Amino acid sequence: MALPLSYSIRNLWRRRLTTILTVAGMALVVFVFAAVLMMAAGLQKTLVETGSPSNVVVVRKGSQSEVMSAIGRQKAAIVEMLPQVAAGEGGRPMMAREVVVLISLKKQGEEKSSSHSNVVVRGIQPPSLSLRHQVKLVAGRLPRPNSSEVLVGNSIAQRFQGVGLQQTLKWGGRTWTVVGIFDAGNTGFASEIWGDVDQVMQAFRRPIYSSLIFRLKTPDAFDAAKDAIEKDPRFTLEARRETKYYADQSEMMARFLRILGTTLTIVFSIGAIIGAMITMYSAVANRTPEIGTLRALGFRRRNILLAFLTESLLLGFLGGGIGLFFASFMQFLTISTVNFQTFSELAFRFTLTPGIIIESMIFALAMGFLGGMLPALRASRLKIVDALRAA
Amino acid sequence: MLLAKILFKNAFHNKLRSFLTILGIAVAILAFGLLRTVISSFYAGVEAASASRLVTRNAISIVFALPISYAGKIHQVEGVKTVSWGNWFGGIYIDEKNFFPNFCVEPVTYFSLYPEFVLDEKQKKDFLLDRKGAVAGRKLAAKYKWKIGDTITLKGTIYPGNWDFVLRGIYRGRDQTVDETQFFFQWTYLNETVKKIAPVFADKAGFFMIGVNRPDIAADTAVRIDAMFKNSLAETLTETEKAFNLGFLAMAEAIVTAIQMVSFVIILIIMAVVANTMAMTTRERTGDYAILKTLGFGAKDITLLIFGEALVLTMTGALIGASLTFPAARIFAAELSTYFPIFLVSRTTIYLDIAAAVLMAFSAAIIPARHAVRVRIADGLRRIG
Chain A
-11 MALPLSYSIR
-1 NLWRRRLTTI
9 LTVAGMALVV
19 FVFAAVLMMA
29 AGLQKTLVET
39 GSPSNVVVVR
49 KGSQSEVMSA
59 IGRQKAAIVE
69 MLPQVAAGEG
79 GRPMMAREVV
89 VLISLKKQGE
99 EKSSSHSNVV
109 VRGIQPPSLS
119 LRHQVKLVAG
129 RLPRPNSSEV
139 LVGNSIAQRF
149 QGVGLQQTLK
159 WGGRTWTVVG
169 IFDAGNTGFA
179 SEIWGDVDQV
189 MQAFRRPIYS
199 SLIFRLKTPD
209 AFDAAKDAIE
219 KDPRFTLEAR
229 RETKYYADQS
239 EMMARFLRIL
249 GTTLTIVFSI
259 GAIIGAMITM
269 YSAVANRTPE
279 IGTLRALGFR
289 RRNILLAFLT
299 ESLLLGFLGG
309 GIGLFFASFM
319 QFLTISTVNF
329 QTFSELAFRF
339 TLTPGIIIES
349 MIFALAMGFL
359 GGMLPALRAS
369 RLKIVDALRA
379 A
Chain B
1044 MLLAKILFKN
1054 AFHNKLRSFL
1064 TILGIAVAIL
1074 AFGLLRTVIS
1084 SFYAGVEAAS
1094 ASRLVTRNAI
1104 SIVFALPISY
1114 AGKIHQVEGV
1124 KTVSWGNWFG
1134 GIYIDEKNFF
1144 PNFCVEPVTY
1154 FSLYPEFVLD
1164 EKQKKDFLLD
1174 RKGAVAGRKL
1184 AAKYKWKIGD
1194 TITLKGTIYP
1204 GNWDFVLRGI
1214 YRGRDQTVDE
1224 TQFFFQWTYL
1234 NETVKKIAPV
1244 FADKAGFFMI
1254 GVNRPDIAAD
1264 TAVRIDAMFK
1274 NSLAETLTET
1284 EKAFNLGFLA
1294 MAEAIVTAIQ
1304 MVSFVIILII
1314 MAVVANTMAM
1324 TTRERTGDYA
1334 ILKTLGFGAK
1344 DITLLIFGEA
1354 LVLTMTGALI
1364 GASLTFPAAR
1374 IFAAELSTYF
1384 PIFLVSRTTI
1394 YLDIAAAVLM
1404 AFSAAIIPAR
1414 HAVRVRIADG
1424 LRRIG
């Protein structure tokens, strides 16, 4: 017969201060664990959602990002004529020639400091919008073609100075008017400013495109398109699916977060496991006569072992629950940092996925288990006579 | 003396518990120390910046270059002593994982601006004479086992193609705080090649490094340089090297802040563990305190005993942790030199370790001490276990 669960729960309640302190330690560890995972998940989600599997990005070979790439007008025209490019309105190819440059802008609330952040300015063509179904205009209007009017992504609009509707920006020796704000959801586009491609190229005196984006006629036509572009001796270009292109861009950052996160949580969990171990050892020591009594009543060694292990697992469960509870509030937080690979600003949100909840709970229970195993073993190994004599 | 003896006896009364607590503290202090070092290594570039060097770049953003003709004009500005220039090359050595900073620079002026890069006279001469020559830092050369005379090929990301260099020199840092993982080659090599493949990008410098006569005129000189190019096609932004490096860091601020916060979280976690230990210890010793009170010891003495005991535990842990930080940092530095070229445990970190230990002891002892002082003698004596 097993000891009832209420025995373990009541024991925890009896030593409230100790329980609270142990659980607090574990909750903090779980909080950090979950927060790091949420950050990595948020980053990946942002960059994966940025791409669409039926779009192809073409950049110059060897370029890690659009900023480094350069594609001449002639080459763009050749790519446009590929049979794999889908036809859009009026039979025109669904392809956008875009230019990407970085400008420095001041963040809000940093009026005094001289610090700037690099923001992506993307020169777009009319198909650019229909190629990105995630992008929706939320305020103002679309810029007129061939004008110095720009659209601003929602996360830029919130975070930077002088990018509200009808405000003007100065770069490239020109004044640009913000006429619209677009919502790009959780994608990287939300951290960009969009203007007319020819105007942007002219302003920066950079008469070459950075990238070409086109929709595939059928999603499985990718290999044929890739072959046609990469094997053509006229180009030194490479084609990637848009999803892969953005996933590659998050790789270094995601790896950094993963390494940092796992190292930290492993070190932290040592602290929490020790906390649980101290608590459980003292629980065993304080209750030696009680254990003796239980054994004398006929409870077996494994019942004792199980009771103490349950107690420790309960500690882990509570810690995990509380840690996750607080971590879930992190979802309201958006962090904006520089992506080292593209060197530009990227905003993403902490994202809690069911997978993270499960992983965190397993992690918390594992801490409880590791912390409680040795003390529970000691409790179960006590000899009845010795235990009873300890009273 | 007697007090110290009592404190130690008390602290190590329950050996297993003390051992576990100290182990926890040591691990926490070690982690705390390493995290602080990570943060300070982020700022290593800022610390190493000289106050008499200015950086001029395109005002739009760092990815735009400036015409090379600006060099002569900047040289005429009052207060300017040396002008050097260069481009960020961003080449990849074999694989993207093998990242190290690589620039092309105007070699003569660049090395005179950076006296902290120590280069042998003969090697310097060889480097200057060879257009394809390159100079690498000592740590970088050691990592990839490069010897003088080796050919090194970098794959260009900004400037396409494979670029061959001949290693002509290996520089050492003047002291430990100098980054020894950089790679330099001649600006003319880049420029001559670019002229052939993409003439639009030729005769341009990504940045100008400027040496001024005295550090106190740096700010005025910067303003004068920017005023000169105002309303031109390529407006400039000039700032001190320190501000320039800080600008890069500001972009990664979120990460630095996160690490900073996390380094305090570990202290909080271990605080809970120490507080737990102290709570248990004092609960077990309630009877002892009651006896002490009967003997005439006051609240002050008992508080001292509890605080002292906590301090003995945390200090022992902190000492072990702090002394482990140094070998750990050395391993860290060797493994992660790509991310952190400078990884030195600073004195401040050790002071912070001690401060954290004291803080842990106090926060852990407050509640138990209050409880022990308040408990009535009769209640204390009645309590068993």
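In the order they appear, the protein sequences are chains A and B.
Using the numbering used here, you'd call the opening residue of the first sequence number -11 and step up by one each time.
Using the numbering used here, you'd call the opening residue of the second sequence number 1044 and step up by one each time.
Ideal Cβ placement from N, Cα and C applies to all residues, glycine included.
Bear in mind that the values here come from a model prediction, so they are computed numbers and not experimental data.
Over the uninterrupted beta strand (DSSP E) stretch that includes residue i, give me the two end residues.
| i | result |
| --- | --- |
| A:Q124 | Residue identity check: residue 124 of chain A is Lys in the sequence provided, not Gln. K124 to G128 is the span of the beta strand (DSSP E), which, as asked, contains A:K124. |
| A:E7 | The sequence given here places Thr at residue 7 of chain A; Glu does not occur at that position. Segment R4 to T38 is the alpha helix (DSSP H) holding A:T7; no beta strand (DSSP E) there. |
| B:F1211 | In the sequence as presented, Phe is not what sits at residue 1211 of chain B; that position holds Arg. First-last of the beta strand (DSSP E) with B:R1211: N1205 to G1216. |
| A:F170 | R162 to D171 |
| A:A335 | S332 to R337 |
| B:N1274 | No beta strand (DSSP E) holds B:N1274; DSSP gives it neither H nor E. |
| B:L1197 | T1194 to K1198 |
| A:L157 | T156 to W159 |
| B:A1177 | G1176 to G1180 |
| A:V326 | T322 to N327 |
| B:V1316 | That residue, B:V1316, is in no beta strand (DSSP E); its alpha helix (DSSP H) goes E1296 to E1327. |
Identify, in the order they occur along the chain, each residue of the same chain with its Cβ nearer than 6 Å to the Cβ of residue i, setting aside the five sequence neighbours on each side.
| i | result |
| --- | --- |
| B:R1419 | none |
| B:A1091 | T1220 |
| A:T322 | A335 and R337 |
| B:F1107 | N1101 |
| B:I1363 | A1069 |
| A:M361 | none |
| A:S368 | R289, I292 and L293 |
| A:L340 | M26, S316 and Q319 |
| A:T165 | E137 and T156 |
Name the DSSP bridge partner or partners of residue i?
| i | result |
| --- | --- |
| B:K1140 | None; B:K1140 has no bridge partner. |
| A:L106 | Note on residue identity: the sequence assigns Asn, not Leu, to residue 106 of chain A. Answer is A:S92, bridged to A:N106. |
| B:N1145 | B:F1226 |
| B:V1126 | B:I1253 |
| A:D184 | A:I112 |
| A:P81 | A:A75 |
| B:K1247 | B:P1110 |
| A:G404 | Outside the shown range of chain A (-11 to 379) lies residue 404 of chain A, about which nothing can therefore be said. |
| A:I196 | Bridge partners of A:I196: none, in fact. |
| A:F148 | A:K95 |
Leaving out five residues before and five after residue i in sequence, what residues of the same chain have Cβ atoms less than 7 Å from its Cβ?
| i | result |
| --- | --- |
| B:G1428 | Confidence at B:G1428 is low in this model, with a pLDDT of 47, below 50, so the placement of that residue is unreliable and no value is reported for it. |
| A:S238 | L31, Q32 and L35 |
| A:G85 | The residue asked about is misnamed: residue 85 of chain A is Arg in this sequence, not Gly. Hits under 7 Å: A64, Q113, V185, Y197 and L200. |
| B:P1054 | Rather than Pro, the amino acid found at residue 1054 of chain B in this sequence is Ala. Excluding positions up to five away in sequence, the list reads S1061, E1352, V1355 and L1356. |
| A:T276 | L370, A375 and A378 |
| A:R4 | none |
Would you give the residue range spanned by the alpha helix (DSSP H) that residue i belongs to?
| i | result |
| --- | --- |
| A:N274 | E230 to N274 |
| A:G308 | R289 to S316 |
| B:G1133 | Note, B:G1133: premise wrong, no alpha helix (DSSP H); not H, not E. |
| B:G1423 | I1420 to R1425 |
| B:R1413 | R1390 to R1417 |
| B:S1083 | K1058 to F1085 |
| A:L365 | P342 to R369 |
Taking Cβ positions only, does residue i come closer than 9 Å to chain D?
| i | result |
| --- | --- |
| B:A1404 | Among the protein chains in the structure shown, which are A and B, there is no chain D. |
Can you list, in chain order, the residues of its chain whose CB lies under 8 Å from that of residue i, leaving out five sequence neighbours each side?
| i | result |
| --- | --- |
| B:V1299 | I1082, F1085 and L1292 |
| B:R1181 | I1213, Y1214, R1215, G1216 and E1223 |
| B:D1344 | L1335 |
Inset, instruction - Pair every Cβ in the segment 1093 to 1104 of chain B with every Cβ in the segment 1278 to 1292 of chain B, then say whether three or more of these pairs are closer than 8 Å. - result: yes
Inset, instruction - Assess, as a yes-or-no matter, whether the segment 1060 to 1080 of chain B is touched by the segment 1385 to 1402 of chain B under the definition of 3 or more beta carbon pairs within less than 8 Å. - result: yes
Legend entry - Short-range partners of chain B found in the segment 266 to 288 of chain A, where Cβ spacing is below 7 Å: I266, T267, Y269, S270 and N274
Inset, instruction - With 7 Å as the limit, tell me which residues of the segment 1296 to 1327 of chain B have their beta carbon closer than that to any beta carbon of chain A; keep them in chain order. - result: A1297, I1298, V1305, V1308, I1309, L1311, I1312, I1313, A1315, V1316, A1318, N1319, T1320, A1322 and M1323
Inset, instruction - With 7 Å as the C-beta to C-beta threshold (strictly closer), list the residues of the segment 1194 to 1225 of chain B near chain A in chain order. - result: K1198, G1199, T1200, I1201 and P1203
Legend entry - chain A contacts made by the segment 1063 to 1088 of chain B, where a contact means CB separation under 7 Å: L1063, T1064, L1066, G1067, V1070, A1071 and A1074
Legend entry - chain A contacts made by the segment 1091 to 1125 of chain B, where a contact means CB separation under 9 Å: A1102, I1103, S1104, I1105, V1106 and F1107
Legend entry - Where the segment 1228 to 1258 of chain B meets chain A: residues whose CB sits under 8 Å from a CB there: A1241 and V1243
Inset, instruction - Give, in chain order, every residue of the segment 47 to 63 of chain A whose Cβ lies closer than 8 Å to some Cβ of chain B. - result: R48, K49, G50, S51, Q52, V55, M56 and A58
Inset, instruction - Would you be able to state if there are at least three C-beta pairs under 8 Å between the segment 305 to 325 of chain A and the segment 12 to 27 of chain A? - result: yes
Legend entry - Residues from the segment 146 to 170 of chain A in contact with chain B, defined by Cβ distance under 8 Å: W159, G160 and G161
Inset, instruction - May I ask you to verify whether the segment 35 to 49 of chain A touches the segment 158 to 176 of chain A, counting CB pairs closer than 8 Å and requiring at least 3? - result: yes
Inset, instruction - Give, in chain order, every residue of the segment 1045 to 1062 of chain B whose Cβ lies closer than 9 Å to some Cβ of chain A. - result: N1057, L1059 and R1060
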